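Protein chains in written order, with this note's numbering: chain A, 1454 to 1678; chain B, 143 to 340. Heads up: the structure comes next, in structure tokens.
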């Protein structure tokens, strides 16, 4: 005879059958199936024998005895006016931490050095952007470029719809060329910081250019010479 | 009197409706009486002390009644109460562990007792109950909880599944394993050897 329930199914129904908690249909199904599984039959006999003593224990009456006054005590506690200590515990648990957090948040927002104050930091950051330096190889390539008015116009049109602020290559090379045609005089700050750079710049000048500069300086401020 | 009150409010929904509509004292009493054994037995399993279980049960019902109006019925009342009980018991266990750091007292054994039995039977049962409780404690938590909710509280597998967050198939396997282990443990014990006549 082929069992109706698998071994696993019969195993899962076994405790409920042993304690009489299966519905009649399921119980019949279980009884028909368990014949095919002698190990489960043996298990069932043992469980019934051992739990017969447990079943005699009246846990329900024990719990009833233990819980007989709970509803009264719950009502008393619910209806009791809130004590001073309860109010204080609310203050300590909710009010003080909330006020503390609010104060800390306020402190961070007000303080200019706080990490939350992004406005000042951002502006500082944008002001300190490094200046791009053109290398000597770039200069050589700039001078070798053949610049035409049409090419310059075409490249500037190509970039006019670009949201990012970029300078077209030909335009930058033109600007560089204009700078190269004139004498670049570095700011006082940079020369004072780097005397070597100043020396190198003077080396590139011709004698007549140096003489012109000296004359101009003498004209503007005779005491410096 | 109490019987007629219970008849008038059969279901949890009836009790909640009456509690929300105004007669909160009567509804609260019925609500507590209906579920007190269930809550108390869970608390007792977790806290292993009648006094603590008693305190926890009161705390559970106070919290439940304060929030009963906001109960939306997404789960059964028993599932809801089970979760509240577990939360409160966990807090109590944490507190007790903290207090035990400063105390030399050992955890006391559960002493189950009943008024309705003879003194001799009382002592015999008391011993066996304590022994059974010890056996129960040897089971893994999931198996113990499944066994208790199914065997003592007679809840359906679907309800237990919602409470413990385990599949019905898993619960059935847990229940079988728990019963199997308890059978083996109890069979070995002196109570079974000497109590063949029982």
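We put the beta carbon where it would ideally sit given N, CA and C, even for glycine. What you are looking at is a predicted structure, and each value in this text was computed from that prediction instead of being measured.
- Around the Cβ of residue 1557 (chain A), a 10 Å sphere holds fewer than 16 other Cβ atoms; the residue is exposed.
- Here DSSP, grouped into helix, strand and coil, assigns residue 1475 (chain A) to coil.
- For the pair residue 195 (chain B) and residue 226 (chain B), the Cα-to-Cα distance works out to about 13 Å.
- Interface annotation, residue 200 (chain B): in contact with chain A, CB-CB separation under 8 Å.
- For residue 288 (chain B) and residue 229 (chain B), the gap between their C-alpha atoms comes out near 18 Å.
- A distance below 8 Å between beta-carbons, with the five flanking residues on each side excluded, links residue 1493 (chain A) to the following residues of its chain, in chain order: 1460, 1463, 1464, 1467 and 1487.
- Across the set B:319, B:310 and B:193, the C-alpha of B:319 shows the shortest separation from the C-alpha of residue 286 (chain B).
- Taking one beta carbon from each stretch, the segment 153-165 of chain B and the segment 186-203 of chain B have fewer than 3 pairs nearer than 8 Å; the two do not touch.
- Note that the C-beta distance between residue 1471 (chain A) and residue 1501 (chain A) is below 8 Å.
- Looking at the backbone, the Cα of residue 1510 (chain A) and that of residue 203 (chain B) are separated by about 27 Å.
- Take residue 304 (chain B), set aside five residues on each side of it, and the residues of its chain with a beta-carbon closer than 8 Å to its own are 217, 218 and 221, in chain order.
- Between residue 171 (chain B) and residue 185 (chain B), the gap from beta carbon to beta carbon reaches 8 Å or more.
- Exclusion of the five residues before and after residue 235 (chain B) leaves 188 and 189 as the residues of its chain whose Cβ lies within less than 8 Å of its Cβ.
- Taking a 10 Å sphere around the C-beta of residue 1560 (chain A), we find fewer than 16 other C-beta atoms and assign the residue as exposed.
- For the segment 176-195 of chain B, the residues whose beta carbon sits under 7 Å from a beta carbon of chain A are, in order, 178, 179, 182, 183 and 192.
- Taking the Cβ atoms as the reference, residue 1516 (chain A) lies roughly 30 Å from residue 1483 (chain A), outside the contact range of under 8 Å.
- The alpha-carbon of residue 169 (chain B) is positioned some 10 Å away from that of residue 207 (chain B).
- A buried status is given to residue 178 (chain B), since no fewer than 16 other beta-carbon atoms sit within 10 Å of its beta-carbon.
- Our two residues, residue 1521 (chain A) and residue 1555 (chain A), have alpha carbons roughly 48 Å apart in a direct line.
- Exposure of residue 1670 (chain A) is indicated by the presence of fewer than 16 other C-beta atoms within 10 angstroms of its C-beta.
- Spatial neighbours of residue 280 (chain B) in its own chain (CB-CB distance under 8 Å, excluding positions within 5 residues in sequence) are listed in chain order as 323 and 327.
- Sorting B:331, B:175, B:161 and B:162 by C-alpha distance to the C-alpha of residue 269 (chain B) places B:331 at the top.
- For chain B, the residues of the segment 1480-1500 of chain A that bring a beta carbon within less than 8 Å of one of its beta carbons are 1496, 1499 and 1500, in chain order.
- Non-local C-beta neighbours of residue 163 (chain B) in its own chain, meaning closer than 7 Å and more than five positions away in sequence, are absent.
- In this structure, the alpha-carbon of residue 1552 (chain A) lies about 49 Å from that of residue 296 (chain B).
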